[in-house]
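**Student:** Using my numbering, read the sequence shown as starting at 31 and increasing by one per residue. Take this structure, written in structure tokens, and hold onto it; I'll ask about it next.
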Amino acid sequence: MITIQCRTSEETAKLGKRLGQVAAPGMVFAFRGGLGVGKTCFIQGLAEGLGITDTVNSPTYTIANEYEGRLKFFHIDAYRLNGAADFEMMDAAYFLDSGAVCAIEWSENINEALPANCSIITISILDDGSRQIQIAAGALESELS
């Protein structure tokens, strides 16, 4: 696991962009952290790194948005899901087995449905307002440090 401190939203998005540039088909990124910590900001950078030019917003009400870039990208918000069963009813395999890159906000709500090899990204706010971003991404960690 690596830990990176981002002092601005621009730094957070830039880190996400770096991750998007090295992401491979089928990668799943499970985001954790409270309201307003910067999950969506990070994911917007991730989408930019995937070559997506559309505006990327949190799909809190639609639950999932699909984008096309260098790779297909699903942005999923599990905030309103009550466990893995809700995600399975949405046809989780459609997202997770499609070969697309998936970024899942509030992934802790669907832990049981997450693939064992997913990357966990935990964002928290430090006392000075900066973000501490912990990334457990296996081989990708060397690309980000």
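The beta-carbon is built from N, C-alpha and C at its ideal position, and this holds for glycine as well.
#1: Contact between the region 83–91 and the region 36–47: three or more CB pairs below 8 Å?
#2: For Arg62, tell me which candidate among Ile155, Gly56 and Gly159 has the shortest Cα-Cα distance.
#3: May I ask which residues mark the beginning and end of the beta strand (DSSP E) holding Ile152?
#4: Of the choices Thr152, Tyr124 and Ala167, whose alpha-carbon is the least far from that of Thr42?
#5: Can you give me the start and stop residues for the beta strand (DSSP E) that Ala133 sits inside?
#6: Mind checking who Phe61 pairs with in its DSSP beta bridge?
#7: By DSSP, does Arg100 sit in helix, in strand, or in coil?
**Tutor:** For this structure:
#1: no
#2: Position 32 of the sequence shown holds residue 62. Checking every option, the nearest Cα to that of Arg62 belongs to Ile155.
#3: The residue given as residue 152 occupies position 122 in the sequence shown. Rather than Ile, the amino acid found at residue 152 in this sequence is Thr. Its beta strand (DSSP E) spans residues Ser149 to Ile155.
#4: Position 12 of the sequence shown holds residue 42. That would be Thr152, whose Cα lies nearest to the Cα of Thr42.
#5: Looking up residue 133 in the sequence shown gives position 103. Val131 to Glu135 is the span of the beta strand (DSSP E), which, as asked, contains Ala133.
#6: Numbered from its first residue, the sequence shown carries residue 61 at position 31. Per DSSP, Ile151.
#7: Within the sequence shown, numbered from 1, the residue matching residue 100 stands at position 70. Looking at Arg100 - three-state DSSP - the assignment turns out to be coil, as it is neither helix nor strand.
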